[in-house]
Amino acid sequence: MGNYTDTIAAIATAVGSSGIGIVRVSGQEAFSVAGKIFLKGGKQNCDLGTEENDHRVLYGHIYDGDEMVDEVLVLVMRGPHSYTGEDTVEIDCHGGVLVTRRILETVIKYGARPAEPGEFSKRAFLNGRMDLSQAEAVMDVIQAKNQYALKSSMSQLKGKMSKCVKNLRERILYEMAYIESALDDPEHISLEGYPLRLKGTLESVMDEVRGLLNSADRGRVMTEGVRTVILGKPNAGKSSLLNVLAGEERAIVTDIAGTTRDILEEHIRMEGISLNVVDTAGIRETGDLVEQIGVLRAKDAARDADLIIYVVDGSVPLDENDENIISMIEEQEAVVLLNKSDLERTVTVEELRRRTDKRVIEISAKEELGIEELEKTVKDMFYGGEIDFNDQVYITNERHKSALTEALRSLKMVMESIDLRMPEDFYSIDLMNAYECLGSIVGESVGDDLVNEIFGKFCMGK
C-alpha cells in the first residue's frame, strides 16, 4: 500500500482566516523535522524526542533559517499514542491562510513531504489504531448535517459497528473450523446432526444481518436527509411554506398562479433532522408549454420522494387537480397541510383526512402558524421520536450495505445446501464468502485499490 515509513505534513484546519491554524506532521522523522524549525527558549534545532513523556505542549517560534515565521504552540505526541500511531507533531499557529501555508512549506523544506488526501487516517488504519469502518466514520463525523447523523457517526467511530461485525464473523468462523476439524478427524469429531444445529446458528446470524440491512433506509435519511417534495395546486402556498422553513426568501411569492415554473431545492434543518426540500410547479392542467414541463418535473420528483408535503388552499374548494395529487400520494409517505387558516375555510380537516387517509395539519404559511407541529410530525414519521444509539447500529454507508447484502446471500446458499442434504464441505465455501464479505466492512480481506479509493475521498490533512 505504498511507502508509509516517511514523514508527511499537511494543514489540518479549513482554508480561511480563523483564530488558529494547525499544521500536522507524522512519521519516523516528525520530531527531527519539527525540531529543525522550532525555537524554544533560545535554543534552535530543538530535539523534540529526548523526553519520554507521551504528550507535551511547548511554546516557541517557527523559523526558516534566520527568518521568524510565526509564534506557535507545538504539540508533541509520541507513537503509538497518537492519531496515526506514529510520532506526531501538531503546530498550532495563527489562523491566516498565508501563515499556515508558510509553515507547511517550511516543514516540507526541512524533510517532510505533502500528505495525500486522507493519508493520516490511512496510517491510523494501517497501524491498527482503527478499523476501516471507524476510519470511514471519521469523515461521516466531519460531514454530519444534523444531530442524528453526528450521533450515528460517533457511535461507529467508537466501534459499535466493528463490535457487531466481529461478533458475526466469530460465529461463522467457529462453524467453518468445526467443519474442517470434523472432516480431518472424523473418528473424534462427529457431524451427525450437525446440519440441523448449523441451521439454527445461521438463522440467528441471518436475523442480525437482516436487522442491519433494515436500518439502512433510516441510516440514509440520517446522513443524506429526507427527500421532501412540496406539492399542491398553483397559489396553494408552497413557495411561502419553503420560505418559512428555510428562514429566508428562497422562492418568489406572488398572487399570480403559476409563478413557480421549475423545481427549487433547499437543504433545511428542523427538529434535529435534515430535509432536502424541493418546491415544485403547481399541479394543474395547463396549455402553457413551459408550465407543463414544470408540472412533469414535479411529478417525477414526487415519485422519488421519501416524504410529500401536500399543501391545500383551505379557502378554495377541492377540484380535479386536487384529485390528481391525492391519487399521486396514495402509496407514499405524506403529510397534508391545510393552508391559509387565517382566511375563511371551504375545506375542512375532516374532509381531507377522509379523502387522503393522511395526517392533516392546519397551518398558515403567511402567519407562520402550525410550523412547529409540522416539524414534530415529520420527526415522528421518520424516527418515531428519539433514536436510541446505545444498542442499535445504523447502516449509513453504501459499501457496508453491499457487503451485508452479499454476506446474507452467501448464508442463504448455505441454508439451501443444508436443505438439499449436500456434503458438509459445500457449506464451507459459502460460509467463507460470508466471512470475507463481513470482513471487508472492518478492513479485513480488502485490497489496496479499495483502501486507496476510500481514503482518497477524505479531506486533506485528515
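So that you can map any letter, position 421 of the sequence shown is 426 in the working numbering, and since no number is skipped, the others follow by simple counting. C-beta atoms are modelled at their ideal positions from N, C-alpha and C, and glycine is treated no differently. Small disclaimer: the values here were computed from a predicted structure and weren't measured.
Counting only the same chain and skipping the five closest in sequence on each side, list residues whose C-beta sits under 6 Å from that of residue i.
i	result
MET465	ALA15 and PRO122
GLU76	HIS66
VAL383	none
LEU250	ILE273
VAL398	LYS165, MET166 and CYS169
SER84	The residue you asked about is not Ser; residue 84 is Gly in the sequence shown. Excluding positions up to five away in sequence, the list reads GLY90, GLU91 and ASP92.
ALA408	CYS442, SER445 and ILE446
GLU411	CYS442
MET181	SER433 and LEU436
Can you give me the C-alpha to C-alpha distance between residue i and residue j, rounded to a whole angstrom?
i	j	result
VAL349	ASP311	First, the residue type needs correcting, since residue 349 is Glu and not Val in the sequence shown. Between GLU349 and ASP311, the C-alpha separation is close to 32 Å.
ILE261	ASN240	Note on ILE261: pLDDT 40, under 50, position unreliable in the model; the coordinate value appears next. One C-alpha to the other measures close to 7 Å.
ALA306	MET333	11 Å
LEU80	GLY65	11 Å
ASN20	GLY216	Looking at the sequence itself, residue 20 is Val, so the reference to Asn does not match. Going from the Cα of VAL20 to the Cα of GLY216 covers about 41 Å.
SER279	VAL231	6 Å
LEU137	GLU449	8 Å
ASP327	ARG223	30 Å
THR259	GLY237	Note on THR259: pLDDT 41, under 50, position unreliable in the model; the coordinate value appears next. Whole-angstrom Cα-Cα distance: 15 Å.
GLU372	ASN281	23 Å
ILE446	LYS171	10 Å
ILE330	ARG364	15 Å
GLY263	GLU325	Residue placement at GLY263 is flagged as unreliable, the pLDDT there being 44, under the threshold of 50; a coordinate-derived value is accordingly withheld.
ILE133	SER415	According to the sequence provided, residue 133 is Gly. The question's Ile does not apply to it. Between GLY133 and SER415, the C-alpha separation is close to 28 Å.
ASP11	ARG202	52 Å
HIS86	HIS60	8 Å
GLY309	ASP453	Gly is not the amino acid found at residue 309; the sequence shown has Asp there. Rounded to whole angstroms, ASP309 to ASP453 spans 36 Å at the Cα level.
VAL226	ASP362	24 Å
ALA149	GLU271	17 Å
LYS5	VAL456	Residue 5 is absent from the structure shown; the chain starts at 6 and stops at 467.
ARG29	PHE387	40 Å
ASN402	GLY198	39 Å
What does the Cβ neighbour count give for residue i, buried or exposed, with the cut at 16 atoms within 10 Å?
i	result
ALA142	buried
ALA17	buried
TYR440	buried
SER422	buried
LYS168	exposed
SER157	buried
GLN161	buried
SER209	exposed
SER369	buried
LEU103	exposed
TYR153	buried
ILE313	buried
ILE184	buried
MET427	exposed
ARG174	buried
LEU301	exposed
Excluding the five sequence neighbours on either side, which residues of its own chain have a C-beta within less than 7 Å of the C-beta of residue i, listed in chain order?
i	result
LYS406	LEU218, ALA221 and ILE400
SER186	ILE194
ALA256	Caution applies to ALA256, whose pLDDT of 46 falls short of 50 and renders its modelled position unreliable; the model cannot decide the point.
ALA129	TYR88, THR89, GLY90, MET135 and ALA140
GLY7	The predicted model places GLY7 with a pLDDT of 47, which falls under 50 and marks its position as unreliable; any figure quoted below should be read in that light. Nothing listed; no residue qualifies.
ASN151	ARG274, GLY277, ILE278 and SER279
If I follow the unbroken beta strand (DSSP E) through residue i, where does it start and stop?
i	result
ALA14	13-16
ILE314	312-318
THR93	93-100
VAL170	VAL170 -> not in any beta strand (DSSP E); alpha helix (DSSP H) instead, spanning 165-189.
HIS60	60-69
SER383	First, the amino acid is wrong: residue 383 is Val here, not Ser. Not the beta strand (DSSP E): VAL383 falls in the alpha helix (DSSP H), residues 376-388.
GLY224	Here GLY224 belongs to no beta strand (DSSP E); instead the alpha helix (DSSP H) covers 221-229.
Could you pull out every residue in the same chain whose Cβ sits closer than 8 Å to the Cβ of residue i, ignoring the five residues on either side in sequence?
i	result
LYS462	PRO122, GLY123 and MET144
MET418	ASP435
ILE25	THR18, ASP97, CYS98, HIS99 and GLY100
THR351	GLY319, SER320, VAL321 and PRO322
VAL354	LEU343, VAL365 and GLU367
Could you spell out where the alpha helix (DSSP H) holding residue i opens and where it closes?
i	result
ARG360	354-361
ALA19	ALA19 -> no alpha helix (DSSP H), and no H or E assigned at all.
ARG83	Looking at the DSSP string, ARG83 is not in any alpha helix (DSSP H), and its letter there is neither H nor E.
LEU444	In the sequence under discussion, the amino acid at residue 444 is Gly, which differs from the Leu named in the question. That run of the alpha helix (DSSP H) goes 429-447.
ILE330	325-333
To the nearest whole angstrom, what separates the beta carbons of residue i and residue j, a pair I think is in contact under 8 Å?
i	j	result
ILE235	VAL341	Their Cβ separation, rounded to whole angstroms, is 12 Å, which puts ILE235 and VAL341 out of contact at 8 Å.
ALA35	ASP97	The Cβ separation is near 15 Å, so there is no contact.
SER346	GLU367	5 Å
GLU95	ILE27	6 Å
PHE460	SER126	6 Å
VAL74	ARG107	5 Å
GLY242	ASN344	4 Å
LYS163	MET420	Rounded, the Cβ-Cβ distance is 33 Å, inconsistent with contact.
GLU429	LEU207	The pair is not a contact, with the Cβ atoms about 13 Å apart (cut-off 8 Å).
VAL62	LEU78	6 Å
For residue i and chain C, any beta-carbon pair shorter than 8 Å?
i	result
LYS171	Reference to chain C is not applicable here, since this structure consists of a single protein chain.
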